[in-house]
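A.B. asks:
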């Protein structure tokens, strides 16, 4: 049973427009959420995170929104650039000594020039 | 500063063979993790370690063993490889309160 779900395997967006990537979770113990970006043949790299005590976090072109009641988070990229084309993974963790991450299955974002 | 280094980057094994994947980090991180990535399934945790000499099972530990004899190294072993273990393996490390740093991965094919 997947505790973190990314229901859209792929998304295509025109350069300059907004990209919205969605993620749902089922485990109410999750209190920290992250987005990772992955290019082919490379490891995932950290993009942005949000604690469950917040509902929004911004970093430049990237904003993450958290809706705890709906157990839903989203990543907004504005404006989208061709270099943003990558696989985006949503991840979540619960408090504990190891803070293991539980990942979604990923969304392939393609930004068209 | 190399970060997290995984060796080898690619490997082809025959069913039943054994091998060890090495993860080395030079950031003095306490926590280390091994994940596998399969198509449509994201990354799944195999084993992890909260410090030198300690290891614990993750979500998909069967068929794998690990060791953390030195703080900077985390080894993942396959004693008898099976085709189901064909995957891309990622190692990660972190320090308390900070995010994960991932290696670039090992692509393993078991035939």
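Chains as they are written, first to last, in my numbering: chain A, 154 to 266; chain B, 1210 to 1320. Every residue, glycine too, gets a C-beta built ideally from N, C-alpha and C. Computed from a predicted model, the values in this text were never measured in an experiment.
Can you tell me whether DSSP reads residue 212/A as helix, strand or coil?
C.D. replies: Counted from its first residue, the first chain places residue 212/A at position 59. Residue 212/A falls in the strand class under three-state DSSP.
A.B. asks: How about the region 165-173 of chain A and the region 224-242 of chain A: do they share at least three Cβ pairs that are nearer than 8 Å?
C.D. replies: Yes, they touch.
A.B. asks: With DSSP as the reference, label residue 246/A as helix, strand or coil.
C.D. replies: On the first chain, position 93 is the one that residue 246/A refers to. Residue 246/A falls in the strand class under three-state DSSP.
A.B. asks: Nearest CA to the CA of residue 1172/B: which residue from 1220/B, 1318/B, 1224/B and 1259/B?
C.D. replies: Absent from the structure is residue 1172/B, since the part of chain B shown begins at 1210 and ends at 1320.
A.B. asks: For residue 235/A, I'd like the list of residues in its chain whose CB is within less than 7 Å of its CB, leaving aside the five on either flank, ordered along the chain.
C.D. replies: Here the question's residue 235/A lines up with position 82 in the first chain. So the qualifying residues of the chain are 168, 264 and 266.
A.B. asks: Using C-beta distances below 6 Å, list every residue in its chain close to residue 1252/B, excluding the 5 sequence neighbours before and after it, in chain order.
C.D. replies: Residue numbering aside, residue 1252/B sits at position 43 when the second chain is read from its first letter. Excluding sequence neighbours, residue 1252/B sits near 1244 and 1246.
A.B. asks: When the Cα atoms are used, what is the spatial distance from residue 1304/B to residue 1238/B?
C.D. replies: Taking the first residue of the second chain as 1, we reach residue 1304/B at position 95. Taking the first residue of the second chain as 1, we reach residue 1238/B at position 29. Rounded to the nearest angstrom, the two C-alpha atoms are 5 Å apart.
A.B. asks: How about residue 228/A: is its C-beta nearer than 8 Å to some C-beta of chain B?
C.D. replies: Taking the first residue of the first chain as position 1, residue 228/A is located at position 75. No, its Cβ sits nowhere closer than 8 Å to a Cβ of chain B.
A.B. asks: From the DSSP output, in three-state form, read off residue 236/A for me.
C.D. replies: The residue you call residue 236/A lines up with position 83 of the first chain. Of the three classes helix, strand and coil, the one that applies to residue 236/A here is helix, per DSSP.
A.B. asks: For the region 164-183 of chain A, which residues have a CB atom closer than 7 Å to at least one CB atom of chain B, in sequence order?
C.D. replies: Cβ contacts with chain B come from no residue of the region 164-183 of chain A.
A.B. asks: Can at least three beta-carbon pairs, one atom from the region 1227-1237 of chain B and one from the region 1285-1305 of chain B, be found at a separation below 8 Å?
C.D. replies: Yes: the two stretches touch, three or more of their Cβ pairs being nearer than 8 Å.
A.B. asks: Would you say residue 1283/B and residue 1241/B are within 8 Å of each other, going by their C-beta atoms?
C.D. replies: Position 74 of the second chain, counting from 1, holds the residue named residue 1283/B. Position 32 of the second chain, counting from 1, holds the residue named residue 1241/B. Against a cut-off of 8 Å, the Cβ pair of residue 1241/B and residue 1283/B comes out as a contact.
A.B. asks: Along chain A, in chain order, which residues have C-beta atoms closer than 7 Å to that of residue 1152/B?
C.D. replies: No statement about residue 1152/B is possible, as the shown extent of chain B runs from 1210 to 1320 and does not include it.
A.B. asks: Within 10 angstroms of the Cβ of residue 1296/B, are there 16 or more other Cβ atoms? Answer buried if so, exposed if not.
C.D. replies: Locating residue 1296/B in the second chain gives position 87, counting from the first residue. Buried: at least 16 other Cβ atoms inside 10 Å.
A.B. asks: Distance, Cα to Cα, residue 252/A vs residue 1292/B?
C.D. replies: Within the first chain, the letter at position 99 stands for residue 252/A. Within the second chain, the letter at position 83 stands for residue 1292/B. Whole-angstrom Cα-Cα distance: 30 Å.
A.B. asks: To which residues does DSSP link residue 1296/B through a beta bridge?
C.D. replies: For the purposes of this step, residue 1296/B is identified with residue 87 of the second chain, where counting begins at 1. Paired residue(s): 1317/B.
A.B. asks: For residue 215/A, go through chain B and note every residue whose CB falls closer than 9 Å to its CB, in chain order.
C.D. replies: Along the first chain, read from residue 1 onward, the residue named residue 215/A stands at position 62. Ordered by position in chain B, no residue passes the 9 Å Cβ test against residue 215/A, which lies about 14 Å from the chain.
A.B. asks: Does the Cβ of residue 1219/B have 16 or more other Cβ atoms within 10 Å, making it buried, or fewer, making it exposed?
C.D. replies: In the second chain, the residue the question calls residue 1219/B occupies position 10. Answer is exposed; the Cβ neighbour count stays below 16.
A.B. asks: For residue 196/A, would you say it is in contact with chain B, using Cβ-to-Cβ distances shorter than 8 Å as the test?
C.D. replies: By one-based count along the first chain, residue 196/A stands at place 43. Closer than 8 Å to some Cβ of chain B, the Cβ of residue 196/A qualifies, so yes.
A.B. asks: For residue 1285/B, write down the residues that DSSP places opposite it in a beta bridge.
C.D. replies: Taking the first residue of the second chain as position 1, residue 1285/B is located at position 76. For residue 1285/B, which the question treats as bridged, DSSP gives the partners 1230/B and 1275/B.
A.B. asks: So with Cβ pairs under 8 Å, would you call residue 1254/B a contact of chain C?
C.D. replies: No chain C appears in this structure, whose protein chains are A and B.
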